[in-house]
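Chains as they are written, first to last, in the working numbering: chain D, 4 to 264; chain V, 97 to 367.
C-beta atoms are modelled at their ideal positions from N, C-alpha and C, and glycine is treated no differently.
The block underneath contains the structure these notes are about, expressed in structure tokens.
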């Protein structure tokens, strides 16, 4: 009993703040010679939207992918809603079911219809009944604005529609957190807005979100916190008003000058 | 001119040749004797091909999954199997499996049973199977299945690896286990892609089933050998035999082509 308590203490998040949803401590990810993430610590508040920006190759996506263990951290620790992320497969699957992820390349399942895409994980992971999974799937497809495409195949949809299906697919699992990995970078310009609108609605509904993006307009409007990364490290962090109007760090200023012009 | 060049003249030549052979089979006593002899073996040829091929698909799928496994033990066992199979001629594999491995496995199992059964009082349940009780047809089917399983493992591996990494990541990020992701996401797409090569393997298996004649199993090749050596009608017998294989493989390859076209014509499965 005492041992169990000690274990619990060891793996409890290093903060008593109940408003913390994700706690990252001293995260390092090494790819052979490249240190993609170099000692990153970050706390994401419950119901908050955190936007990670920075030049390409700065480790933004890798941080995101460590949160649901798509990348295995070299060192450092991560807690998701109080659950300590370990290498145990059961634990990882449990965390992943609570963390939705949206990818740059959509990654819809091409051999399944839109409806089947949104239903499958509900059935096999959440063990929901066919009827319940279908009802939730249609609810989420309505939320992202394309219920009429339920019986289409992904290849019959535009990029923006595919990405909205991918968001619906993640939401159907009732995640506590949504991760977005450059969700609009593979889209034609005229389709970016429809995806950002869905994300904005989601942010307003109180979802905890971590978003890697180059869309500065979205960052400004939706973010509670901006994290600027460069060369694997967090260079500057703060609320968007401060960050965009008066960045403290030289590198952040240079980046903003480049991107906003 | 272009249309004439694209016309399948080769097929016409084969069909004409077939008509000639069929005409002979109906009119000539010798040819009809040869064909009725060959048809005695057709059941064995088809049975061997079908059973060995089905077993090979199962072995190949498991070994192919082993070849993409992250587990070093599973990966190495699967790779060892594939490399050995690819490095030994199929005829030699047939001999080794039929005369070495099958007797060894049965003797080994018997020896193990003889030691273990008295300990649990199960002497009466011991199998009385001896190596010589296993018919050569079964040994050949086992051997062909193991040999083809090695090649199909590589086909499945290639199919699995051709599916973009994002598919596995998306499935895992939704909380599916590795095996669930394989079953529901990766394999359904991979198998669609490897259907044409698997179809070609079926044709190859039909041809290689003729190797069983080396062990005296009476397939069509063995029947032809027996007939030819008794009648000295080598030309007529072996020409008929060759034509029989050709007729079967051509029909099968047209089926494979049709399946391939169907898969290409509907756009899904591209991802």
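Within-9 Å CB hit, residue 272/V to chain D: Yes, its Cβ sits closer than 9 Å to a Cβ of chain D.
Range covered by the alpha helix (DSSP H) that runs through residue 119/V: 105-123
Cβ neighbours of residue 274/D in the same chain (closer than 6 Å, five flanking residues each side left out): Any answer about residue 274/D is impossible in this case: the structure gives chain D only from 4 up to 264.
Short CB-CB distance (under 9 Å) between residue 366/V and chain D: At residue 366/V, the pLDDT of 45 sits below 50, so the modelled position is not reliable; the number obtained from the coordinates is stated separately. Closer than 9 Å to some Cβ of chain D, the Cβ of residue 366/V qualifies, so yes.
Inside the segment 101-184 of chain D only - alpha helix (DSSP H) runs reaching at least 4 residues: 117-127, 133-146, 162-174
Straight-line Cα distance separating residue 267/V from residue 5/D: Annotation note: pLDDT 45 at residue 5/D (below 50); position unreliable, no value reported.
Cβ shell of residue 189/V (< 8 Å), same chain only, five flanking positions each side left out: 181, 239, 242, 243
Interfacial residues, the segment 254-286 of chain V to chain D, with Cβ spacing under 7 Å: 262, 263, 265, 266, 268, 269, 270, 271, 272, 273, 276, 280, 281, 284, 285
Helix, strand or coil at residue 39/D according to DSSP, with G and I counted as helix: Of the three classes helix, strand and coil, the one that applies to residue 39/D here is strand, per DSSP.
Span separating the alpha-carbon of residue 153/V from that of residue 181/D: 41 Å
Contact between the segment 91-110 of chain D and the segment 132-147 of chain D (3+ Cβ pairs under 8 Å): no
Near-chain V residues of the segment 94-106 of chain D (beta-carbon distance less than 7 Å), N- to C-terminal order: 96, 99, 100, 104, 106
Contact check, residue 256/V vs residue 286/V, beta carbons under 9 Å: yes
Among 217/V, 272/V, 140/V, 331/V, the one whose alpha carbon lies nearest that of residue 234/V: Closest by C-alpha distance to residue 234/V, out of 217/V, 272/V, 140/V, 331/V, is 140/V.
Same chain only: Cβ atoms within 8 Å of residue 33/D, ignoring 5 sequence neighbours per side: 39, 77
Boundaries of the beta strand (DSSP E) in which residue 84/D is found, first to last residue: Segment: none, residue 84/D is in no beta strand (DSSP E) and carries neither H nor E.
Distance between residue 161/D and residue 153/D (C-alpha atoms, nearest Å): 14 Å
Local Cβ density within 10 Å of residue 328/V, reported as buried at 16 or more and exposed below that: exposed
Contacting residues, own chain, Cβ-Cβ under 6 Å from residue 22/D (five flanking each side not counted): 48, 49
Contact list for residue 154/D against chain V, beta-carbon separation under 7 Å: Neighbours of residue 154/D on chain V: none; closest Cβ ~12 Å, over 7 Å.
Residue 105/V burial status per 10 Å Cβ neighbour count (16 or more: buried): exposed
Backbone secondary structure at residue 201/V - three-state DSSP: helix
Local Cβ density within 10 Å of residue 117/V, reported as buried at 16 or more and exposed below that: buried
beta-carbon residue 201/D near the ligand SAH non-hydrogen atom, thresh 8 Å: Summarising the ligand content, the structure contains no ligands, and the ligand SAH is consequently not present.
Any 3 or more C-beta pairs closer than 8 Å across the segment 61-81 of chain D and the segment 124-141 of chain D: no
Proximal residues to residue 138/V (C-beta, below 7 Å), its chain only, five neighbours per side dropped: 316
Boundaries (first-last residue) of the alpha helix (DSSP H) holding residue 235/D: Neither: residue 235/D is in no alpha helix (DSSP H) and is coded neither H nor E.
The segment 295-303 of chain V touching the segment 107-124 of chain V, judged by at least three CB pairs closer than 8 Å: no
Residue 13/D, DSSP secondary structure in three states: Low local confidence applies: a pLDDT of 48 at residue 13/D is under 50, so the model's placement there is unreliable, with the coordinate-based value given in what follows. Residue state, collapsed to three classes: helix.
Sub-9 Å separation of residue 210/D and residue 98/D beta-carbons: no
Pair within 9 Å by beta-carbon distance, residue 308/V and residue 232/V: Yes, Cβ-Cβ distance for residue 308/V and residue 232/V is below 9 Å.
For residue 126/D and residue 253/D, the rounded distance between their alpha carbons: 50 Å
Residues within the segment 127-147 of chain D neighbouring chain V, beta-carbon criterion of under 9 Å: Only those residues of the segment 127-147 of chain D whose C-beta falls short of 9 Å from the nearest C-beta of chain V are listed: 127, 128, 129.
Contact check, residue 80/D vs residue 28/D, beta carbons under 9 Å: yes
Residue range of the alpha helix (DSSP H) that includes residue 191/V: That run of the alpha helix (DSSP H) goes 186-192.
Three-state secondary structure assigned by DSSP to residue 33/D: Residue state, collapsed to three classes: strand.
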